[in-house]
Structure formats: structure tokens, C-alpha cells
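Input: a single structure, listed below in C-alpha cells.
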Amino acid sequence: MALIDNMYLFVETEDIAHKLNVTSNPTERGIDLTDHAEREPIEMSVTGMLLDSEKSSAYEQYTKLRNWQLACKQVKFVGRNVFTGVITDISKNNDYTVGNGAKVSLTLKEIRIANTPYQTSNKQYVVQKQVVTTKPVTAVYHTTKKGENLTVIAKKYGTTVNNLMALNPSIKNRNLIYVNQRIRVK
Numbered sequence: 005m006a007l008i009d010n011m012y013l014f015v016e017t018e019d020i021a022h023k024l025n026v027t028s029n030p031t032e033r034g035i036d037l038t039d040h041a042e043r044e045p046i047e048m049s050v051t052g053m054l055l056d057s058e059k060s061s062a063y064e065q066y067t068k069l070r071n072w073q074l075a076c077k078q079v080k081f082v083g084r085n086v087f088t089g090v091i092t093d094i095s096k097n098n099d100y101t102v103g104n105g106a107k108v109s110l111t112l113k114e115i116r117i118a119n120t121p122y123q124t125s126n127k128q129y130v131v132q133k134q135v136v137t138t139k140p141v142t143a144v145y146h147t148t149k150k151g152e153n154l155t156v157i158a159k160k161y162g163t164t165v166n167n168l169m170a171l172n173p174s175i176k177n178r179n180l181i182y183v184n185q186r187i188r189v190k
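In this text, residue positions in the sequence shown follow my numbering: the first is 5, and each later residue adds one.
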């Protein structure tokens with residue numbers, strides 16, 4: 005008798021398979037070149053009987069096993085061997101030899117559940133308003149000299165003629181400025 009997650013199963017056979025996946029590549033002469041081997045998940049095949057009991061019928065027990073399979077639930081098998089895995093294959097056989105139950109065959113497979121590298125943060129962030137202090141803009145003026153025009157002055161101060169016109173609304177004609185005229189450049 006064995007237990008699958010505390011449910012009784014009258015076991016006839018327990019077969020465990022330990023396998024390796026070995027890759028081979030052909031060579032021009034001689035035997036194939038084997039360059040990699042890795043362990044495959046362990047599989048366990050179990051055959052036995054589910055029998056009616058005071059707690060549940062064989063049909064209810066089979067339904068429970070089937071639901072565990074569909075939910076991909078890891079189950080613990082305790083018999084001659086102890087094994088934890090998921091039920092990958094289940095079949096039921098109702099014949100005349102078992103009057104108060106059913107014969108079942110199960111295949112359990114070892115699985116590894118990967119942990120996600122992503123972790124949710126429990127930190128709480130407080131949003132604060134950032135105070136930006138602005139320096140008061142100090143006006144910069146230029147006194148024109150003989151031979152200067154707005155284009156020359158704009159290049160000297162790294163600005164544009166249109167910007168100079170906007171800063172100096174008293175200048176109506178961009179081609180007419182006077183010597184010793186005070187012009188705002190910034």
C-alpha cells in the first residue's frame with residue numbers, strides 16, 4: 005500500500021527511470037562525437053488499484069488524481085520509493101478482477117519550478133515638489149559704435165537680430181541704428 009498526498013493506492017509496481025540526454029554528432033571516420041550530456045527529469049511509473057473505502061469511492065479518488073493532474077499540482081508519493089512530482093499520465097481500467105474499484109496507471113515526473121528574477125519592491129516613494137530657484141535676469145546693454153549694425157552686435161553676443169528687435173521695441177527699422185545708441189542685448 006502507498007500514499008499519494010495522503011490518499012491510499014494499492015500498488016502493484018513502481019518503476020523509476022533515471023535518464024540522460026546525450027547529444028552525438030557524426031564524424032567522417034569512427035564513432036560519433038558525444039559533446040554534451042545533461043540529466044533529464046526523473047520519471048516514476050506506478051500501477052495499482054483504487055478501492056472503495058468508507059471515506060470515498062474509487063471514482064472520487066480517480067477524479068481527485070485527475071484534478072491534481074489538470075492543476076499541475078506537485079504530489080508526494082510514499083511507497084517503496086519516496087517521490088515528488090506532477091502526474092503527467094493517468095489511465096484507468098475497469099475490469100472484472102476488481103469489483104469494488106479500478107486499476108490505475110500513473111506516471112509522475114520530477115519538475116523544477118524556476119524562481120523569477122523579478123521582485124516586487126515594498127518601498128514606498130514620497131513625492132515631493134522640487135523648488136526651482138531662478139536667478140533674476142539682469143539686462144545687458146551695448147552702446148553702439150561707428151560701423152556697427154544689428155547683425156554684427158547679434159554675432160558678438162550670440163543671439164539673433166530678431167531677438168534684438170524683440171528686446172528693443174524702440175527700434176522700428178532693423179537697418180537704422182545710431183552711434184552711441186544704448187541697445188539691450190540680453
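Ideal Cβ positions, reconstructed from N, Cα and C, are used throughout, including at glycine. Only a predicted model underlies this, so the values are computations on that prediction, with no experimental measurement involved.
Original post:
When the Cα atoms are used, what is the spatial distance from ASN29 to ALA41?
Top reply: Within the sequence shown, numbered from 1, the residue matching residue 29 stands at position 25. Within the sequence shown, numbered from 1, the residue matching residue 41 stands at position 37. Their backbone Cα atoms lie some 12 Å apart in a straight line.
Original post:
Which residues mark the beginning and the end of the beta strand (DSSP E) in which GLN78 is found?
Top reply: Taking the first residue of the sequence shown as position 1, residue 78 is located at position 74. It spans 78 to 82 - the beta strand (DSSP E) in which GLN78 sits, taken as one unbroken run.
**OP:** Sort LYS127, GLY52, ARG116 by Cα distance to ILE94 and report the nearest one.
**Re:** The residue given as residue 94 occupies position 90 in the sequence shown. The shortest Cα separation from ILE94 among LYS127, GLY52, ARG116 belongs to GLY52.
**OP:** List the endpoints of the continuous beta strand (DSSP E) containing ILE8.
**Re:** Translated into positions along the sequence shown, residue 8 becomes position 4. That run of the beta strand (DSSP E) goes 6 to 8.
Subject >> Completely contained beta strand (DSSP E) runs for the segment 125 to 160, where each covers 3 or more residues >> reply: Listed in chain order, they are 145 to 147.
Original post:
Looking at the structure shown, is PRO74 part of a helix, part of a strand, or coil, going by DSSP?
Top reply: What you label residue 74 is simply residue 70 of the sequence shown in a count that begins at 1. According to the sequence displayed, residue 74 carries Leu and not Pro. In the structure shown, LEU74 sits in a helix (DSSP, three-state: H, G or I).
Original post:
How long is the line joining the alpha carbons of CYS76 and GLY89, rounded to whole angstroms?
Top reply: If you number the sequence shown from 1, residue 76 lands on position 72. If you number the sequence shown from 1, residue 89 lands on position 85. So the two alpha carbons sit approximately 9 Å from each other.
**OP:** Specify the secondary structure class of ALA62 as computed by DSSP and reduced to three states.
**Re:** One-based indexing of the sequence shown puts residue 62 at position 58. In this structure, ALA62 counts as helix in the three-state DSSP scheme.
Original post:
Nearest-angstrom Cα distance between VAL50 and ASP56?
Top reply: Residue 50 sits at position 46 when you count from the first residue of the sequence shown. Residue 56 sits at position 52 when you count from the first residue of the sequence shown. Each residue's alpha carbon lies about 19 Å from the other.
Subject >> LEU168: first and last residue of the uninterrupted alpha helix (DSSP H) it sits in >> reply: Against the sequence shown, residue 168 aligns to sequence position 164. Segment 165 to 171, the alpha helix (DSSP H) holding LEU168.
Original post:
Measuring CB to CB, does ILE8 end up less than 7 Å from PHE81?
Top reply: In the sequence shown, counting from the first residue as 1, residue 8 sits at position 4. In the sequence shown, counting from the first residue as 1, residue 81 sits at position 77. Taking 7 Å as the Cβ cut-off, ILE8 and PHE81 qualify as a contacting pair.
**OP:** Would you decide whether GLN132 is buried or exposed? Buried here means 16 or more other CB atoms lie within 10 Å of its CB.
**Re:** Within the sequence shown, the letter at position 128 stands for residue 132. It counts as exposed.
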